[in-house]
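*Asks:* Pasting a structure here, questions to come.
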Amino acid sequence: MDNPYQQIPDAANRRAPSSTVPEPAQWAPSMESTQPDLTGPPWVPSPGFYGHQMYGFSFAAPGGGGLGGPHLGPPYGFDPSIPPPPFGRPPPGPFPGTVPSGPVHGYPSSTGTFQTGHLKQQQQQQVFRDSGAPHGGPLLPPPLHDYDRGPVTTTRPEDEAGLQRRQDIQWLRQFVQNRVKKSTSPQTQRPDPVSTPALKEALYAAVRLVSALEESCQTLKQNLENDCVWTDSYLTALNTKRELQDKLKVVGDRERLNQLKAKLARVSKRRARRLRANQAMLMEENRRQEHIREKEAAIDGWRMKQIHDVEEKKKEQELKLAADSVLCEVRKKQADVKRMQDILRSLEKLRRLRKEAASRKGIVTEQEYDDAFSIRLEQLRTVMKRRTAVYAAEQKALMVMLEGEQEEERRKEQERRMKRERERQLQRKQRVDSILFGDEHPTDSLMQPFREYYTQAQHSLDALIQIRREWDVFVVAPDHPDGSSVPQGWILPDHPSDQDWASSLQTADTDEEKL
1 MDNPYQQIPD AANRRAPSST VPEPAQWAPS MESTQPDLTG PPWVPSPGFY GHQMYGFSFA
61 APGGGGLGGP HLGPPYGFDP SIPPPPFGRP PPGPFPGTVP SGPVHGYPSS TGTFQTGHLK
121 QQQQQQVFRD SGAPHGGPLL PPPLHDYDRG PVTTTRPEDE AGLQRRQDIQ WLRQFVQNRV
181 KKSTSPQTQR PDPVSTPALK EALYAAVRLV SALEESCQTL KQNLENDCVW TDSYLTALNT
241 KRELQDKLKV VGDRERLNQL KAKLARVSKR RARRLRANQA MLMEENRRQE HIREKEAAID
301 GWRMKQIHDV EEKKKEQELK LAADSVLCEV RKKQADVKRM QDILRSLEKL RRLRKEAASR
361 KGIVTEQEYD DAFSIRLEQL RTVMKRRTAV YAAEQKALMV MLEGEQEEER RKEQERRMKR
421 ERERQLQRKQ RVDSILFGDE HPTDSLMQPF REYYTQAQHS LDALIQIRRE WDVFVVAPDH
481 PDGSSVPQGW ILPDHPSDQD WASSLQTADT DEEKL
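Encoded structure:
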């Protein structure tokens, strides 16, 4: 993209004037010597001036002047005695001694070409004003154009497209800058929000200022005769009033108060929401703790039950062992008593035999010895009988206790046996129900609505009556020979009529029970 603010080349870089025909480009002084006034509007030359004064353009001499024919000057000719016109002003007229040559009208397209260049100059000057002023930059001189520097060439469509593109870019920049300024202006005008401590401080300050203003008014009323004191009090009252007005502006600002109310409402809602969340969390924690306590209580109960059962079993085992040991001792003592009784009987028999042998030999014993032996033997028998009775009672008690334990064991064993039997009967019933009505399905099965429809008579009396009425429609008359009542139980098959069939059924039932 061409820079519209490019520097003007100095005179050294310009084209050297021809010795035969001086070019009008020599008339334009350098920018260092003559600076146009940037404050005033630029001079807009007329189309006729551009049509006759074409700077930097070399005309071919009509009639073959370029090939050695008669030489003709430019449209205004050249006279070395007449100085060139100042830059930026039109020439006063044709040079003396010259007449506008015919080739001016011989090139009808030159006027339109330079009019187009003039319009481009005006557009670039307008772009320069629009681009330099909004940014606050200095107004620089307009750039030189092709007709100020050298031979003028015909404007190409590419140059017009580039100029239009630059203008579009500049317009977009200005549009974006205006939008940014408009968007930032409401933010700068928005009042600052007032916090609760600031509003509280403003209220307290307003109350203090009102009290101070009342004191100042009282002082003014009391010092009406004293001008010096009254003036000081008046100035103090004015300052207090001014400060009070400033505070009241803060307090009485509706927008700020509404913002503060909205903020306080949000804070209160947030606080209430947090409070509800904390309460919900506390309730959840309480429920969790309660659930934990219930589980711990259930676990403790189960542990205590298990410990109690183990202790009971241990006590029963110890008691059984103790009873067995005591019973063993009692039986041992009973055996000892029985053996002592046998010994006494043997001793009595032995004395009788010895007494008979002595009597045959003629030896006679005294009666008192016989009585003493009989008394002693009777005492021992009495002791043995008493011991036998005690041991029998102990044995009976131990036998009763052991019998109770055995009865308890037999009862538990019977309960276990009955439980197994009930489970077996329940499994058999479930198997029969599965054979008759199909397998059980979970509650969320697709067949659950149909199952509920067909089993509604089991849960609703009205449904049972309706189904029974529908059944009774097809029931035959009571006096019909083939008629019968509705069965009250399961309809089971008849007993097998053949021994082989019965043995097969028995084998099948046995296999199912094993499974």
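Just so you know, the sequence shown maps onto residues 1 to 515 in full-length UniProt numbering. The C-beta atom is built at its ideal place from N, Cα and C for all residues, glycine as well.
1. Taking the CB atoms as reference points, tell me whether Ala-202 and Val-267 lie closer together than 8 Å.
2. Name the two residues that bound the continuous alpha helix (DSSP H) containing Asp-439.
3. To the nearest angstrom, how far is it from the Cα of Leu-257 to the Cα of Ala-205?
4. Determine the burial state of residue 574: buried for a count of at least 16 other Cβ atoms within 10 Å of its Cβ, exposed for fewer.
5. Count the other CB atoms, across all protein chains shown, that sit within 10 Å of the CB of Arg-237; report buried if there are 16 or more and exposed otherwise.
6. Under 8 Å, do Leu-213 and Leu-244 count as touching if we go by C-beta distance?
7. By the three-class DSSP mapping on this structure, what secondary structure does His-145 have?
8. Have a look at Lys-463 and Met-418 and give me their C-alpha separation to the nearest angstrom.
9. Suppose contacts are defined by Cβ-Cβ distances below 8 Å. Is Gln-334 in contact with Gln-395 by that definition?
10. Taking Cβ positions, are Leu-248 and Leu-199 nearer each other than 8 Å?
11. Between Thr-196 and the rest of its own chain, which residues show a CB-CB distance below 6 Å, the 5 nearest in sequence each way excluded?
12. Roughly how many angstroms lie between the CA atoms of residue 525 and Asp-253, to the nearest whole one?
13. Could you name each continuous alpha helix (DSSP H) segment of 4 residues or more that falls completely within the stretch 380 to 456, going from the start of the chain to the end?
14. Check whether the stretch 353 to 368 and the stretch 398 to 411 are in contact - that is, three or more C-beta pairs closer than 8 Å.
15. Indicate whether the contact test is met: 3 or more Cβ pairs, each with one atom in the stretch 362 to 379 and one in the stretch 322 to 340, closer than 8 Å.
16. Going by the beta-carbon positions, is the gap between Ser-233 and Leu-224 smaller than 8 Å?
17. Nearest-angstrom Cα distance between Gly-438 and Arg-428?
18. Suppose you measure from the CA of Gly-77 to the CA of Ala-161; what does that come to, to the nearest Å?
19. Report the rounded CA-to-CA distance for Arg-424 versus Gln-448, giving the unit in angstroms.
20. Thinking C-alpha only, which one of Gln-341, Arg-420 and Arg-411 is nearest Lys-385?
21. Rounding to the nearest angstrom, what Cα-Cα distance links His-495 and Ser-504 in this structure?
22. Between Thr-510, Arg-387 and Arg-303, which lies nearest to Arg-331 when the distance is taken from Cα to Cα?
23. Tell me whether Glu-382 is buried or exposed, calling it buried when 16 or more other Cβ atoms sit within 10 Å of its Cβ.
24. Determine the DSSP secondary structure at Lys-332, reduced to helix, strand or coil.
*Replies:* The relevant details are as follows:
1. Your numbering for residue 202 matches position 202 in the sequence shown. Your numbering for residue 267 matches position 267 in the sequence shown. Not in contact: Ala-202 and Val-267 (Cβ atoms no closer than 8 Å).
2. In the sequence shown, counting from the first residue as 1, residue 439 sits at position 439. Run containing Asp-439: none; DSSP gives neither H nor E here.
3. Counting from 1 along the sequence shown, the entry for residue 257 is found at position 257. Counting from 1 along the sequence shown, the entry for residue 205 is found at position 205. Roughly 17 Å between the two C-alpha positions.
4. Since the first residue of the chain shown is 1 and the last is 515, residue 574 is not available in this structure.
5. Here residue 237 refers to the residue found at position 237 of the sequence shown. For clarity, residue 237 is Ala in the given sequence; the question names Arg instead. Counting Cβ neighbours within 10 Å, Ala-237 comes out buried, since at least 16 surround it.
6. Translated into positions along the sequence shown, residue 213 becomes position 213. Translated into positions along the sequence shown, residue 244 becomes position 244. A contact, by the Cβ cut-off of 8 Å.
7. Here residue 145 is taken as the residue at index 145 of the sequence shown, counted from 1. Low confidence applies here, because His-145 scores a pLDDT of 46, under 50, leaving its location unreliable; read the following figure in that light. Here His-145 sits in coil by DSSP.
8. Here residue 463 corresponds to residue number 463 of the sequence shown, with the count starting at 1. Here residue 418 corresponds to residue number 418 of the sequence shown, with the count starting at 1. It should be pointed out that residue 463 corresponds to Ala in this sequence rather than to Lys. C-alpha separation (whole angstroms): 37 Å.
9. For the purposes of this step, residue 334 is taken as residue 334 along the sequence shown, with counting starting at 1. For the purposes of this step, residue 395 is taken as residue 395 along the sequence shown, with counting starting at 1. Yes, they are a contact pair.
10. One-based indexing of the sequence shown puts residue 248 at position 248. One-based indexing of the sequence shown puts residue 199 at position 199. In this structure, Leu-199 does not lie closer than 8 Å to Leu-248 by Cβ.
11. Mapped onto the sequence shown, residue 196 falls at position 196. Taken in chain order, the list of residues that qualify is empty.
12. This structure leaves residue 525 out entirely; the chain is present only between 1 and 515.
13. Runs of the alpha helix (DSSP H) inside the stretch 380 to 456: 448 to 454.
14. Here the stretch 353 to 368 makes no contact with the stretch 398 to 411; the two share fewer than three CB pairs at distances below 8 Å.
15. no
16. The count along the sequence shown starts at 1 and reaches residue 233 at position 233. The count along the sequence shown starts at 1 and reaches residue 224 at position 224. No, these two residues do not count as a Cβ contact at 8 Å.
17. Indexing the sequence shown from 1 puts residue 438 at position 438. Indexing the sequence shown from 1 puts residue 428 at position 428. Taking the straight line joining both Cα atoms gives about 14 Å.
18. Position 77 of the sequence shown, counted from the first residue, corresponds to residue 77. Position 161 of the sequence shown, counted from the first residue, corresponds to residue 161. Because Gly-77 sits at a pLDDT of 48, beneath the cut-off of 50, its placement in the model cannot be relied upon, and the following sentence gives the value as read from the coordinates. Whole-angstrom Cα-Cα distance: 37 Å.
19. Here residue 424 refers to the residue found at position 424 when the sequence shown is read from its first residue. Here residue 448 refers to the residue found at position 448 when the sequence shown is read from its first residue. In a straight line, the C-alpha of Arg-424 is about 27 Å away from that of Gln-448.
20. As a working mapping, residue 385 is identified with position 385 in the sequence shown. When each option's Cα is compared against that of Lys-385, the closest is Gln-341.
21. By 1-based counting over the sequence shown, the position of residue 495 is 495. By 1-based counting over the sequence shown, the position of residue 504 is 504. Taking the straight line from one Cα to the other gives about 13 Å.
22. Indexing the sequence shown from 1 puts residue 331 at position 331. When only C-alpha atoms are compared, the closest one is Arg-387.
23. To locate residue 382, count along the sequence shown from 1; it is residue 382. For clarity, residue 382 is Thr in the given sequence; the question names Glu instead. Exposed is the call here.
24. As a working mapping, residue 332 is identified with position 332 in the sequence shown. Helix, per DSSP.
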